[in-house]
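Chains as they are written, first to last, in the working numbering: chain A, 8 to 254; chain B, 60 to 424. Below is one structure; the comments refer to it alone.
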């Protein structure tokens with residue numbers, strides 16, 4: 008589904024990713040762990056096409072197409088979803104309006120019929136219920152006045168509504184208490200644990216991996232994958248620390 | 060009459076209140092050749108009530124249904140007016156007696172070229188309630204309106220004004236006196252591509268009066284749009300609100316100068332002012348000039364003025380969810396504009412005005 012080969016990327020002329028290679032197949036969940044400044048968030052932003060993140064080398068194929076050739080909204084329509092570490096507040100734009108606009112823009116680009124207001128509300132309500140987010144919250148402006156946990160839950164509701172092929176979840180576990188962590192973990196499994204989907208979980212800690220079992224764990228350090236393994240690698244990292252394992 | 064003014068000798072006012080006045084645009088508008096008038100029916104909202112159409116300042120009886128609204132010669136309106144324009148002439152007037160609640164009055168002003176002027180008066184006697192919706196449309200020309208408003212004790216007026224004229228210039232001049240416990244809410248949408256100047260002087264003339272002057276100015280290309288507003292608290296216990304949102308793209312200029320005056324006797328005044336500007340291009344200009352002049356000592360006056368650009372983080376967030384750049388910009392800008400247009404109480408009017416703002420935004424910002 009996703010093939011990253013020898014990816015180099017920089018911000019303001021400063022190289023962050025230095026030859027990163029990674030392959031995700033449909034049906035797989037991968038976790039990327041690593042110390043601060045390793046380039047974890049940069050990987051998510053580079054793959055989603057954030058302005059300012061310049062690719063200087065390598066290639067990324069997504070669903071058989073050149074991902075780097077596409078605009079950010081085209082990458083989204085192709086099925087790529089980025090769960091933000093810090094979801095953005097947008098005053099004056101309601102969640103429902105935002106999501107309906109987004110979903111229909113994606114559907115338009117894919118040549119699918121747009122959803123009517125009623126059809127969309129049905130989808131939105133089902134996803135909000137599944138993640139324990141009050142429907143009233145979806146009527147409020149995007150992330151405005153939401154607690155850290157509510158913002159992350161909202162990211163998962165958005166993921167459920169948009170129903171992507173590949174989700175890159177950037178520290179979705181940060182700022183969550185134990186109950187919220189369980190809900191979010193359950194959400195990821197329900198929405199994304201499917202034979203035709205894949206997940207790239209970016210995280211510092213093992214704790215989210217108790218709820219979302221990864222098939223593969225990678226250690227990102229210095230802009231490259233320095234080790235790959237199974238779920239046991241996450242436990243080893245938790246025990247030994249990054250310095251030890253990445254060395 | 061405005062028609063008799065000699066454009067060549069007409070001088071640009073030099074006072075501070077006309078600092079951002081695009082006088083040349085006004086003169087150029089007045090020299091535009093008349094064109095065919097569009098169909099006024101398209102500009103009426105589907106609400107029942109009196110309907111008035113003025114084409115190039117001339118009442119169109121065939122397209123109108125004035126009912127209780129007076130149409131005819133308006134004699135002297137006792138106010139100072141800009142660039143020396145007398146305020147007499149054919150116009151309209153709405154007078155409502157005590158406890159009378161009128162159906163919404165819709166006035167459509169179509170301008171095709173040259174210059175036109177219509178004086179208007181709105182007088183609401185004690186406890187009367189009215190809603191007036193005015194639309195300025197048409198291809199061009201200089202449209203000038205002088206409106207005098209008087210509200211008696213506890214009367215209430217919702218005055219919604221949309222300027223969607225395609226070209227030329229629209230200058231509005233409002234003089235209002237708000238009586239004891241009365242409420243005047245004026246919300247203006249300046250969309251379209253005509254230049255505009257909205258001038259208003261509102262006096263809270265009775266104790267406990269409420270006055271609101273809000274609006275959104277959307278300017279692009281090289282258009283200049285401005286509002287020059289004075290809210291004068293003359294009596295105690297008055298409340299006033301000003302919420303202005305300016306959007307400027309390309310090389311356009313949007314300016315709001317809003318003054319709150321609190322007289323010595325106007326204790327317990329509660330005034331709030333929020334002027335915000337959104338620059339859609341670095342070549343555009345936003346001016347915001349909040350002014351407070353306070354002579355009473357027991358008052359609450361809040362004011363804020365900010366100018367900024369679209370939030371790039373928000374735009375990327377929207378893009379990542381699949382919203383193309385043009386749509387994303389329009390969505391965020393729309394939210395900004397909605398702060399002001401949302402002050403309109405009637406949902407049907409509010410939605411129609413937002414649709415006009417959407418049309419402007421959808422044309423590409």
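Cβ coordinates follow ideal geometry from the N, Cα and C atoms, glycine included. Quick caveat: nothing in here was measured; it's all calculated off a predicted structure.
Legend entry - Residue-chain proximity (residue 332 of chain B, chain A), Cβ-Cβ < 7 Å: no
Legend entry - Interface residues of chain A facing residue 195 of chain B [CB-CB closer than 8 Å]: The contacting residues do not exist; residue 195 of chain B stays about 26 Å from chain A at best.
Legend entry - CB contact flag (residue 242 of chain B, residue 276 of chain B, <7 Å): No, these two residues do not count as a Cβ contact at 7 Å.
Legend entry - Residues that residue 198 of chain A contacts on chain B, provided the C-beta gap is smaller than 8 Å: Those do not exist, as residue 198 of chain A stays about 15 Å from chain B at its closest Cβ, beyond 8 Å.
Legend entry - Straight-line gap, residue 352 of chain B to residue 417 of chain B (C-alpha atoms, nearest Å): 36 Å
Inset, instruction - List the residues of chain A whose Cβ lies closer than 7 Å to the Cβ of residue 366 of chain B, in chain order. - result: Simply none; closest approach about 16 Å.
Inset, instruction - Take the Cβ of residue 242 of chain A as the centre, count every other Cβ of all protein chains shown within 10 Å, and call the residue buried at 16 or more, exposed below. - result: exposed
Legend entry - Contact list for residue 369 of chain B against chain A, beta-carbon separation under 9 Å: In chain order: nothing, as chain A lies at least about 11 Å away.
Legend entry - Host alpha helix (DSSP H) of residue 35 of chain A (start-end): Neither: residue 35 of chain A is in no alpha helix (DSSP H) and is coded neither H nor E.
Legend entry - Cβ distance (whole Å) where residue 228 of chain A is taken to contact residue 41 of chain A below 8 Å: 5 Å
Legend entry - Cβ-based burial, residue 247 of chain A [other Cβ within 10 Å; buried from 16]: Burial state of residue 247 of chain A is exposed, judged by a 10 Å Cβ sphere holding fewer than 16 other Cβ atoms.
Inset, instruction - Work out the CA separation of residue 119 of chain A and residue 464 of chain B for me, nearest whole Å. - result: Since the first residue shown for chain B is 60 and the last is 424, residue 464 of chain B is missing from the structure and cannot be characterised.
Legend entry - Range of the contiguous alpha helix (DSSP H) that encloses residue 108 of chain A: In this chain, the alpha helix (DSSP H) harbouring residue 108 of chain A covers 102-116.
Inset, instruction - Using the Cα positions of residue 74 of chain B and residue 66 of chain B, report the straight-line distance between them to the nearest angstrom. - result: Each residue's CA atom was taken as its position, placing residue 74 of chain B and residue 66 of chain B some 19 Å apart.
Legend entry - Reference residue 193 of chain A; option with closest CA among A:213, A:84, A:160 and A:218: A:218
Legend entry - CB contact below 7 Å: residue 79 of chain A versus chain B: So yes, residue 79 of chain A belongs to the interface.
Legend entry - Proximity to residue 92 of chain B [Cα-Cα], best of B:329, B:120, B:370 and B:197: B:197
Inset, instruction - Measuring only between beta-carbons, confirm whether residue 409 of chain B sits less than 7 Å from chain A. - result: Taking Cβ atoms only, chain A never reaches closer than 7 Å to residue 409 of chain B, which makes this a no.
Inset, instruction - Compile a chain-ordered list of the residues in the region 375-389 of chain B whose CB is closer than 9 Å to at least one CB of chain A. - result: 375, 376, 377, 378, 379, 380, 381, 382, 383, 384, 386 and 387
Inset, instruction - Given a cut-off of 7 Å, decide if residue 230 of chain B and residue 200 of chain B are closer than it, judged by their beta-carbon atoms. - result: no
Inset, instruction - Could you check the C-alpha separation between residue 221 of chain A and residue 245 of chain A for me, to the nearest Å? - result: Between residue 221 of chain A and residue 245 of chain A, the C-alpha separation is close to 15 Å.
Inset, instruction - Could you say which of B:187, B:205, B:87 and B:274 lies nearest to residue 159 of chain B if we only look at CA atoms? - result: B:187
Inset, instruction - Between the Cα of residue 181 of chain A and those of A:210, A:225 and A:173, spot the shortest distance and give me the residue it belongs to. - result: A:210
Legend entry - residue 157 of chain B, buried or exposed, once every other Cβ within 10 Å from all chains shown has been counted against 16: exposed
Inset, instruction - Please check if any C-beta of chain A sits within less than 7 Å of the C-beta of residue 232 of chain B. - result: no
Legend entry - Cβ distance (whole Å) where residue 190 of chain A is taken to contact residue 138 of chain A below 8 Å: That pair is a contact at about 6 Å.
Legend entry - Of the residues B:294, B:273, B:292 and B:293, the one placed nearest residue 285 of chain B, counting alpha carbons only: B:273
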